[in-house]
Amino acid sequence: MSDATLLRLEAKFNANSDREEQAGDRIEELEAKFDRLRKRIRKTDQKLDRRTREGSLLFDKIMKTRATTLAGLLVKVRVRERWNTDDEKTEITILKSLVADLKAMGEERS
Numbered sequence: 254m255s256d257a258t259l260l261r262l263e264a265k266f267n268a269n270s271d272r273e274e275q276a277g278d279r280i281e282e283l284e285a286k287f288d289r290l291r292k293r294i295r296k297t298d299q300k301l302d303r304r305t306r307e308g309s310l311l312f313d314k315i316m317k318t319r320a321t322t323l324a325g326l327l328v329k330v331r332v333r334e335r336w337n338t339d340d341e342k343t344e345i346t347i348l349k350s351l352v353a354d355l356k357a358m359g360e361e362r363s
């Protein structure tokens with residue numbers, strides 16, 4: 254093997270080494286971005302949990318508050334349309350609340 258061959262191989266090795274270093278730097282950049290995104294996701298997830306708990310408390314308050322007019326009943330209907338009612342317990346809560354409101358309204362008119 255001649256020195257000319259060694260010099261060409263060294264140039265290829267150096268170029269590859271530079272590309273390897275650039276790839277490593279890029280990985281570090283992406284990992285840093287990923288870490289920032291992961292922190293943002295965690296914060297947003299915590300915010301979502303707080304909003305969900307707050308929504309649940311508001312939902313309970315609305316369903317426990319007695320509606321005295323059609324407008325009040327319609328508030329509950331609209332809340333029901335927006336609230337995640339994919340479980341039977343929530344649907345029963347809404348139904349019981351509306352029935353109690355209607356009964357109370359009927360008693361007031363009697």
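Going letter by letter, the sequence shown gives residues 254 to 363 in this note's numbering.
Built from N, CA and C at the ideal position, the CB exists for glycine as well.
query	result
Among 320, 324 and 332, which has the Cα closest to the Cα of residue 310?	332
From 293, 313 and 356, pick the residue whose C-alpha is nearest to that of residue 337; which is it?	313
Contact between the stretch 280-298 and the stretch 316-327: three or more CB pairs below 8 Å?	no
Is residue 325 near residue 288, with beta carbons less than 8 Å apart?	no
For residue 255, count the other beta carbons within 10 Å of its own beta carbon; 16 or more makes it buried, fewer makes it exposed. Which is it?	exposed
When we look at the beta-carbon of residue 270 and count the other beta-carbons within 10 Å, is it buried (16 or more) or exposed?	exposed
Of all the alpha helix (DSSP H) runs that stay within the bounds of the stretch 280-335, which reach a length of 4 or more residues?	323-335
Use the C-beta contact count for residue 329: other C-beta atoms within 10 angstroms, 16 or more gives buried, fewer gives exposed.	buried
Hey, would you say residue 358 sits closer than 8 Å to residue 321, going by beta carbons?	yes
Pick helix, strand or coil for residue 339, following the three-state DSSP scheme.	coil
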